[in-house]
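What follows is one structure encoded as C-alpha cells, with my remarks underneath.
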Amino acid sequence: MAADIDLHLGRRLRRRRRLLGMTQQQLAVQVGIRFQQIQKYECGANRISAARLWQLAEALESPVSYFYDGLSEALERQEAAANGGETFSRKETLDLIQAYYQLGERPRRRLLDLAKSLHTGEAA
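Residue numbers (our numbering): 33 to 156.
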C-alpha cells in the first residue's frame with residue numbers, strides 16, 4: 033500500500049509541475065536537490081518525506097493536501113483491479129472469454145447486451 037501512495041503522490045507532483053510549465057530541473061533547483069530525485073519521486077521509486085513534500089508544495093504553489101487529493105479513490109480502484117485479477121485466473125472465466133471471441137461480431141454484441149441486461153435486472 034505504501035508503494036501505491038508513493039505512486040499517487042508522484043503522479044500528483046508531475047501533474048502540478050507540468051501545469052505550471054516547470055521542468056524537473058527548475059523544480060529541483062527550487063528545493064535544493066538534483067533533477068534525478070524529482071524523476072524518482074514522480075515515478076514512485078523514492079518516497080517523499082514530509083519535509084520534502086512541504087518544500088515541493090511551496091515551490092509548486094499548492095497546499096500539501098493537493099498531493100493527497102483523490103488518494104482514497106485511487107486506492108479503491110487499485111484494490112478492485114487486484115480483486116478482478118483473481119476473477120481472471122479462474123478457468124471458467126477464461127473459457128467464457130475464449131468462447132466469446134470465437135463468436136462473430138454481431139453475436140458477441142448480442143451476448144454482451146444480454147449479460148448487461150441480466151446484471152441490470154439483478155439491481156432492480
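In this text, a Cβ means the ideal position worked out from N, Cα and C, and glycines have one as well.
Exposure of residue i, with buried meaning 16 or more beta-carbon neighbours within 10 Å
i	result
His151	exposed
Ala91	buried
Arg141	exposed
Ala159	This structure cannot speak to residue 159, because the chain is shown only from 33 to 156.
Simplified DSSP state of residue i, which is helix, strand or coil
i	result
Pro95	coil
Ser81	coil
Thr125	helix
Whole-angstrom distance between residue j and residue i, CA atom to CA atom
i	j	result
Glu105	Trp86	23 Å
Gln69	Leu51	19 Å
Gly102	Lys148	29 Å
Val63	Ala35	23 Å
Gln58	Glu74	14 Å
Arg44	Gln110	16 Å
Asp145	Gly42	39 Å
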